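Report on one structure; see the data block that follows.
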Amino acid sequence: MKLSKTSIQKLETCHSDLKRLIYAVAKEEKCTVICGFRGRYEQEKAYMQGKSKARFGQSKHNFKPSLAVDVVPLPLDWNDIPAFERLGEKIMKKADELNIKIKWGRDFTNLKDYPHFELAD
Ligand SMILES: [Zn+2]
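The numbering of the sequence shown is our numbering, which starts it at 1 and goes up by one.
Here it is in structure tokens:
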């Protein structure tokens, strides 16, 4: 499995631990990176569209390098929650193996964010 060019571009805006993790997972799973670093314009747009609860500066995507990454399973079907669960479990397991502490957006209480993985502080 190989990440697409746009996936790599997005992943390259992320913290080295996230890069290490997602490159490792992508060897075994079909997935794509839909978001790495998010600038002011993109963050405010996501907020307005209700895709994010954070204003610019409040999201881990707003750091440089980004402390969060959004990854989705392929083929992408937003209604296929089991596919998101499977990929998420895989990412969490791999993070454990690589000794990287991350939080999964699925476990957020306010807004379940299946594609979202961020470094725990
Ligand atoms: Zn995210």
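C-beta: ideal position from N, C-alpha, C; glycine also. Note that the coordinates shown come from a computational prediction; the quantities given were computed from them, not determined experimentally.
Between which two residues does the beta strand (DSSP E) carrying residue i extend?
{"i": "residue 34", "result": "31 to 35"}
In the DSSP output, which residue or residues are listed as bridge partners for residue i?
{"i": "residue 22", "result": "The partner list for residue 22 (beta bridge, DSSP) is empty, contrary to what the question assumes."}
{"i": "residue 102", "result": "119"}
I need the boundaries of the alpha helix (DSSP H) containing residue i, first residue and last residue.
{"i": "residue 7", "result": "5 to 11"}
Can you tell which of the options has its C-alpha closest to the C-alpha of residue i?
{"i": "residue 102", "options": "5, 18, 29 and 8", "result": "18"}
{"i": "residue 28", "options": "91, 115 and 51", "result": "91"}
{"i": "residue 23", "options": "108, 86, 2 and 43", "result": "2"}
{"i": "residue 79", "options": "113, 13 and 4", "result": "113"}
{"i": "residue 121", "options": "67, 33 and 110", "result": "67"}
Entirely within the segment 39 to 87 and at least 4 residues each: give me those alpha helix (DSSP H) ranges in chain order. 40 to 48
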